[in-house]
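See structure below.
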Amino acid sequence: MNAASEAGHLSAKPELIQLENVSRLYRVGETEVRALDGVSLHIHQGDFIALMGPSGSGKSTLLNVIGCLDPPTSGVYRLDGEEVQALSEKRLAEIRQKKIGFIFQSYHLVPRMTALRNVELPLILAGVDPKERRERAKAALEPLGMGPRAEHRPDQLSGGECQRVAIARAMVERPSILLADEPTGNLDSKTGEEIITLIEALNRTGLTIVLVTHDPRIAAHAGRLLYMRDGRLLSDAPPAQAAYPAAPAPP
Amino acid sequence: MRASDIVSLAGEALRRHRLRTGLSLLAVAIGATAVLLLTALGDAAKHYVIDQFAAMGTNLVVVVPGRVETSGFGAAALGGTRDLTLGDAEDIRRRARAVREVTPFSLGAAPAEYEQRHRDVYVMGTTSAYAKVRHLSLSAGQFLPAGDPRRGEPVVVLGSKLRHELFGSENPLGRSLRLADARFRVIGVLEAKGQSLGIDFDDLALVPVAAGMRLFNQSSLHRIMIQAPDEASIPATIRQVRAILVERHKAEDFTLVTQDAMLQSFRSIINALTLALAAIAAISLAVAGIGIMNVMLVSVSERGREIGLLKALGGQARQILSLFLAEALLLSGAGAVCGLLLGTLLLQAASRIWRELPLAPNPFWAAAILIFALCAGALFGMIPARRAARLPAAESLRGRR
Numbered sequence: 001m002n003a004a005s006e007a008g009h010l011s012a013k014p015e016l017i018q019l020e021n022v023s024r025l026y027r028v029g030e031t032e033v034r035a036l037d038g039v040s041l042h043i044h045q046g047d048f049i050a051l052m053g054p055s056g057s058g059k060s061t062l063l064n065v066i067g068c069l070d071p072p073t074s075g076v077y078r079l080d081g082e083e084v085q086a087l088s089e090k091r092l093a094e095i096r097q098k099k100i101g102f103i104f105q106s107y108h109l110v111p112r113m114t115a116l117r118n119v120e121l122p123l124i125l126a127g128v129d130p131k132e133r134r135e136r137a138k139a140a141l142e143p144l145g146m147g148p149r150a151e152h153r154p155d156q157l158s159g160g161e162c163q164r165v166a167i168a169r170a171m172v173e174r175p176s177i178l179l180a181d182e183p184t185g186n187l188d189s190k191t192g193e194e195i196i197t198l199i200e201a202l203n204r205t206g207l208t209i210v211l212v213t214h215d216p217r218i219a220a221h222a223g224r225l226l227y228m229r230d231g232r233l234l235s236d237a238p239p240a241q242a243a244y245p246a247a248p249a250p251p
Numbered sequence: 001m002r003a004s005d006i007v008s009l010a011g012e013a014l015r016r017h018r019l020r021t022g023l024s025l026l027a028v029a030i031g032a033t034a035v036l037l038l039t040a041l042g043d044a045a046k047h048y049v050i051d052q053f054a055a056m057g058t059n060l061v062v063v064v065p066g067r068v069e070t071s072g073f074g075a076a077a078l079g080g081t082r083d084l085t086l087g088d089a090e091d092i093r094r095r096a097r098a099v100r101e102v103t104p105f106s107l108g109a110a111p112a113e114y115e116q117r118h119r120d121v122y123v124m125g126t127t128s129a130y131a132k133v134r135h136l137s138l139s140a141g142q143f144l145p146a147g148d149p150r151r152g153e154p155v156v157v158l159g160s161k162l163r164h165e166l167f168g169s170e171n172p173l174g175r176s177l178r179l180a181d182a183r184f185r186v187i188g189v190l191e192a193k194g195q196s197l198g199i200d201f202d203d204l205a206l207v208p209v210a211a212g213m214r215l216f217n218q219s220s221l222h223r224i225m226i227q228a229p230d231e232a233s234i235p236a237t238i239r240q241v242r243a244i245l246v247e248r249h250k251a252e253d254f255t256l257v258t259q260d261a262m263l264q265s266f267r268s269i270i271n272a273l274t275l276a277l278a279a280i281a282a283i284s285l286a287v288a289g290i291g292i293m294n295v296m297l298v299s300v301s302e303r304g305r306e307i308g309l310l311k312a313l314g315g316q317a318r319q320i321l322s323l324f325l326a327e328a329l330l331l332s333g334a335g336a337v338c339g340l341l342l343g344t345l346l347l348q349a350a351s352r353i354w355r356e357l358p359l360a361p362n363p364f365w366a367a368a369i370l371i372f373a374l375c376a377g378a379l380f381g382m383i384p385a386r387r388a389a390r391l392p393a394a395e396s397l398r399g400r401r
């Protein structure tokens with residue numbers, strides 16, 4: 001697949017993700033919270049999107065809706081041509097398994113399992129043969145430099161190493177989309193830079209990336225910067241031309 | 001997801017909380033042990049009774065005076081009860097064909113006295129055939145003489161304990177002792193036999209039946225015991241004995257009890273008792289199931305993020321349900337197995353202490369315990385497992401822990 005970081009050529013790529021007027025409502029006690037309020041968004045295959053905005057602006061909700069973890073309350077979400085809001089829970093799980101990889105701020109590694117077994121986990125759920133999944137998990141750890149640390153448990157690994165394991169786990173099923181929820185939020189800036197470089201490299205292989213961040217320096221690596229507030233998309237532009245130059249909004 | 005992976009993932013999760021897992025296992029194990037011990041005790045009691053019946057003699061039909069029925073408790077009183085006499089016994093012996101031995105006996109309590117030594121004993125009046133029917137053997141001398149049962153010579157055969165109490169180291173054969181007001185010459189001593197169905201043969205004095213009835217001024221025998229030639233002819237024996245007695249008494253004012261019927265009623269009583277004990281013990285197993293549910297509910301609320309992660313990685317709700325159900329089943333199954341092992345060890349130790357009780361784990365009950373424990377685990381594990389499977393993925397991922 002071709003690299004696709006120049007915004008000018010994006011329209012040439014097939015549209016992977018289409019959100020039309022998507023809203024997500026939460027009921028908190030008596031009051032309704034509009035986490036997403038009529039968001040329309042098209043993402044092409046190979047896009048690298050950074051998602052910024054203050055806390056509670058709906059970044060994570062948008063990420064979860066794209067990741068088929070959270071169903072939209074209204075609107076249309078098309079993923080790879082499939083209308084997600086109409087799909088069964090079972091099919092949604094299949095989509096998450098085959099098409100989507102997640103990484104998180106706090107890594108979400110299972111603490112009692114070795115790095116290798118954490119990476120094997122999606123394959124275990126998919127019922128892959130033990131021998132084959134071991135090979136695949138090792139192959140996923142290797143390019144991230146985690147081969148020698150495969151038998152360590154998360155509490156024996158540094159934050160950067162944990163995030164590398166999490167990336168290996170997200171990539172082991174060879175998804176077409178990587179969703180990253182503040183992947184550098186718990187890391188020092190040097191390690192964060194290493195992680196974002198890895199993500200950039202993955203993007204160059206054709207992987208579509210949506211990344212939530214508070215850090216403008218991280219967002220600067222993306223091809224498109226989306227800025228959100230109060231559940232709405234306020235701007236969508238290359239980072240250099242962003243109308244909202246990433247006002248750092250710590251939680 | 002493969003079954004082996006479900007089990008190993010569930011096992012890993014359980015091993016993380018060793019204390020919690022251990023306590024849940026202990027609760028199930030105690031329940032399983034209790035059921036196993038109590039059912040083994042019931043079994044042992046049943047075997048004990050069966051052994052006792054076997055020791056009593058085989059293929060026995062017993063004639064009891066009076067009509068014993070469940071209906072009409074006043075029947076015997078209304079019709080009047082005729083005595084069971086030596087004549088009845090003699091007639092049965094002469095006329096019934098399906099009969100091997102007939103032995104009447106009387107029973108009473110009297111003080112036995114020999115040279116200043118007193119002892120209150122049961123005195124059984126019977127005939128020479130009694131030794132054959134009850135498999136009695138002698139350590140010295142001879143048993144009651146054969147011949148006309150009406151004669152009633154003043155001779156006595158002593159139980160082994162009674163002999164020691166009255167005579168000490170002295171040889172009792174040929175000595176004379178006093179039973180109530182009459183003198184009897186000792187002609188034999190029984191070998192130690194112990195208790196059999198309420199009769200302590202070691203503390204018993206056996207005299208000829210006529211002498212026994214005279215001693216207590218009795219007109220009726222206590223029982224007539226009849227031994228059929230074999231098991232198949234017992235119905236014929238009953239028919240013939242009943243016909244003869246009805247003819248002599250002009251009414252059916254007696255009851256025929258077979259050993260088998262007695263055994264059956266004992267067996268059903270003990271079975272019912274065993275079942276009741278097992279049910280009570282099973283409550284503790286069910287309570288252990290509730291304990292598992294409690295532990296699993298805590299575990300589900302602690303592992304919200306892990307559940308969310310599994311969903312994000314493509315885990316189906318059904319798979320998450322299976323994982324948590326597998327944990328509950330592992331807990332209850334392993335607990336039951338531990339309990340069965342512990343129970344078996346305890347039973348082995350107990351059977352070494354109480355040798356007369358055949359204490360052993362019953363494989364049927366062991367299987368039932370395992371199945372019951374697994375069912376309880378599945379039932380009580382279902383609620384937390386469903387809760388886990390239904391957790392909304394996005395919110396659980398964001399959870400605090």
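These protein sequence lines are chains G and B, in that order.
Under our numbering, think of the first position of the first sequence as 1, with each following residue one higher.
Under our numbering, think of the first position of the second sequence as 1, with each following residue one higher.
The C-beta atom is built at its ideal place from N, Cα and C for all residues, glycine as well.
Subject >> Coil, strand or helix - threonine 191 (chain G) by DSSP >> reply: helix
Subject >> Cβ pair alanine 328 (chain B), isoleucine 292 (chain B) closer than 8 angstroms >> reply: yes
Original post:
Going along the chain, which unbroken runs of the beta strand (DSSP E) with 3 or more residues stay wholly within the stretch 22-67 of chain G?
Top reply: 31-44 and 48-52
Subject >> Close Cβ partners of alanine 76 (chain B) (< 6 angstroms) along its chain, the five nearest in sequence each way excluded >> reply: Because the pLDDT at alanine 76 (chain B) is just 46, under 50, the model does not fix this residue reliably, and the value given afterwards should be weighed accordingly. Cβ within range, chain order: Gly66 and Arg67.
**OP:** Please list, in chain order, all residues of the same chain as leucine 374 (chain B) whose beta carbon is under 8 angstroms from its beta carbon, the five residues on each side excluded.
**Re:** Leu329, Ser332, Gly333 and Ala336
**OP:** Compare the C-beta of methionine 1 (chain B) against all C-beta atoms of chain G and say whether one is closer than 8 angstroms.
**Re:** yes
**OP:** Alpha carbon to alpha carbon, how far is arginine 390 (chain B) from glutamate 32 (chain G)? Give it in angstroms, no decimals.
**Re:** 22 angstroms
**OP:** Helix, strand or coil for serine 176 (chain B), going by three-state DSSP, please let me know.
**Re:** strand
**OP:** Could you tell me the boundaries of the alpha helix (DSSP H) in which serine 139 (chain B) lies?
**Re:** Run containing serine 139 (chain B): none in the alpha helix (DSSP H); it sits in the beta strand (DSSP E), 138-141.
**OP:** For glutamine 316 (chain B), name the three-state secondary structure that DSSP assigns.
**Re:** coil
Original post:
If you run the structure through DSSP and keep just helix, strand and coil, what is leucine 345 (chain B)?
Top reply: helix
Original post:
By DSSP, does tyrosine 48 (chain B) sit in helix, in strand, or in coil?
Top reply: helix
**OP:** Could you list which residues in chain B have their beta carbon closer than 7 angstroms to that of threonine 122 (chain G), in chain order?
**Re:** In the sequence as displayed, the identity of residue 122 (chain G) is proline instead of threonine. Under the 7 angstroms cutoff, chain B gives Leu313 and Gly314.
Original post:
In this structure, what does DSSP give as the bridge partners for leucine 158 (chain B)?
Top reply: B:Val189 and B:Ala205
**OP:** Please check if any C-beta of chain G sits within less than 8 angstroms of the C-beta of glutamine 319 (chain B).
**Re:** yes
Original post:
What is the DSSP secondary structure of aspartate 200 (chain B), counted as helix, strand or coil?
Top reply: strand
Subject >> Burial state of isoleucine 283 (chain B) (16 or more Cβ within 10 Å) >> reply: exposed
Subject >> Where the stretch 174-189 of chain G meets chain B: residues whose CB sits under 7 angstroms from a CB there >> reply: none
Original post:
At a cut of 8 angstroms, does the stretch 49-62 of chain G reach the stretch 107-123 of chain G through at least three beta carbon pairs?
Top reply: no
Original post:
How many Å lie between asparagine 203 (chain G) and isoleucine 177 (chain G) at the Cα?
Top reply: 9 angstroms
Original post:
Would you say glutamate 12 (chain B) reaches chain G, if we count a Cβ-Cβ gap shorter than 8 angstroms as a contact?
Top reply: yes
Original post:
So which of G:Pro175, G:Gly185 and G:Gln45 has the shortest CA-CA distance to lysine 13 (chain G)?
Top reply: G:Gln45
Subject >> aspartate 120 (chain B) in three-state terms, based on DSSP >> reply: strand
Original post:
Would you say the stretch 11-19 of chain B touches the stretch 66-79 of chain G, given that touching needs at least three Cβ pairs under 8 angstroms?
Top reply: no
Subject >> Reduced DSSP category for alanine 4 (chain G) - H, G, I as helix; E, B as strand; rest coil >> reply: At alanine 4 (chain G) the pLDDT is 43, less than 50, meaning the model places this residue with poor confidence; the figure from the coordinates comes in the next sentence. Coil at alanine 4 (chain G), not helix or strand.
Original post:
Can you find a C-beta in chain G that's less than 8 angstroms from the C-beta of leucine 310 (chain B)?
Top reply: yes
Original post:
Under a three-way DSSP split, which group does glutamate 101 (chain B) fall into?
Top reply: strand
Original post:
Would phenylalanine 364 (chain B) be called buried (16 or more neighbouring beta carbons within 10 Å of its own) or exposed?
Top reply: exposed
**OP:** Under 7 angstroms Cβ to Cβ from valine 257 (chain B), same chain only, skipping five residues before and after it: list those, please.
**Re:** Val62 and Val64
Original post:
threonine 85 (chain B): which of B:Ser137, B:Ser128, B:Arg214 and B:Leu41 sits nearest, CA to CA?
Top reply: B:Arg214
Original post:
Where does lysine 311 (chain B) land, buried or exposed, given buried means 16+ other C-beta within 10 angstroms?
Top reply: buried
Subject >> Nearest-angstrom Cβ-Cβ length linking alanine 211 (chain B) and valine 121 (chain B), presumed shorter than 8 angstroms >> reply: In fact, because the Cβ distance is near 15 angstroms, the residues do not count as touching under 8 angstroms.
Subject >> Integer Cβ distance of alanine 89 (chain B) from leucine 221 (chain B), believed to fall under 8 angstroms >> reply: 7 angstroms
Original post:
Does any residue of chain G bring its CB to less than 8 angstroms from the CB of aspartate 5 (chain B)?
Top reply: yes
Original post:
Should the stretch 46-60 of chain B be called in touch with the stretch 262-282 of chain B, which here means at least 3 C-beta pairs below 8 angstroms?
Top reply: yes
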